[in-house]
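Report on one structure; see the data block that follows.
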C-alpha cells in the first residue's frame, strides 16, 4: 500500500532532521526531499509548528497502534502481563523510523510532550514500575536499550536476534517458564 502524502511528509521530515537537525528543517528542503510542492506540504501542515506537532502525533499514534495490534484484543479485556508482553513485543518488533530518536532528543516542546505521552502509554500498559520485580525492570531497560540501538543504527548488537527478543519479552511479562 502506498503511503499517504501526510505519512511521506512526516517520514521525510524525520529523515532530514536526522541528517541536519530540526532547526535546519525547511519546507523547501522537505518538499524537495519528498517530491511534493511547498503548497502540497502546507496543505497538510500550515506551519513548521504544525508539522512538529504532526510528527509527535503520528509517532504516538503509531506506537499505540503497534502495541494494540500485538495485544490483539481490547485493552480493557487484558491483564497486566498481557499488556506488558504486547508493549514489549511491539517495541522490540517494530522498525524505528530514521530520526525518531532525534525528534525525541530535539529539546522542543513537541518532543517533551511526546516523551511524556510515551511515559503515560507505558504507565497505562505496564502500571507502576515499582510493582515490577527486578527481572522485569531489567527487561524493560533491555527493551529501552534495544529500541535505542535500533534508533542509532549502530549495528553493535544484532537487533534481529529472535531468541534474545523472545527472552526479553518473556522476562518483561513476568514469564519465568523459559
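In the numbering used here, the protein residues as written are 239 to 416.
Beta carbons: idealized from backbone N, C-alpha and C, even for Gly.
Just so it is clear, the structure is predicted and the values come from calculations on it, not from any experiment.
Separation of the CB atoms of residue 251 and residue 289 is rounded to 6 angstroms, and the pair is thereby assigned contact status at 8 angstroms. By the CB criterion at 8 angstroms, residue 309 and residue 249 fall outside the cutoff. The segment 253-264 makes contact with the segment 340-348; the number of CB pairs closer than 8 angstroms reaches 3 or more. Taking C-beta separations shorter than 7 angstroms and ignoring five residues to either side along the sequence, the partners of residue 291 in its chain run 348, following chain order. Excluding the 5 residues flanking it on each side, residue 411 has same chain C-beta neighbours closer than 6 angstroms at 319, 322, 323, in chain order. Note that the C-beta distance between residue 260 and residue 279 is not below 8 angstroms.
Note that the C-beta distance between residue 414 and residue 330 is not below 8 angstroms. Cβ contact annotation for residue 389 (same chain, cutoff 8 angstroms, sequence separation greater than five): 334, 338, 339, in chain order. Note on geometry: alpha-carbon atoms of residue 346 and residue 301 lie some 20 angstroms from one another.
Taken through DSSP and simplified to helix, strand or coil, residue 387 comes out as helix.
Relative to the Cα of residue 381, the nearest Cα in the group 274, 297, 325, 316 belongs to 325.
Put simply, the backbone Cα of residue 307 is about 16 angstroms away from that of residue 360. Rounded to the nearest whole angstrom, the CA to CA distance from residue 400 to residue 315 is 28 angstroms.
If you ignore the 5 residues before and after residue 283, its C-beta comes within less than 6 angstroms of the C-beta of 289, 292, all in its own chain and listed in chain order. Taking the Cα positions, residue 363 is about 13 angstroms away from residue 303.
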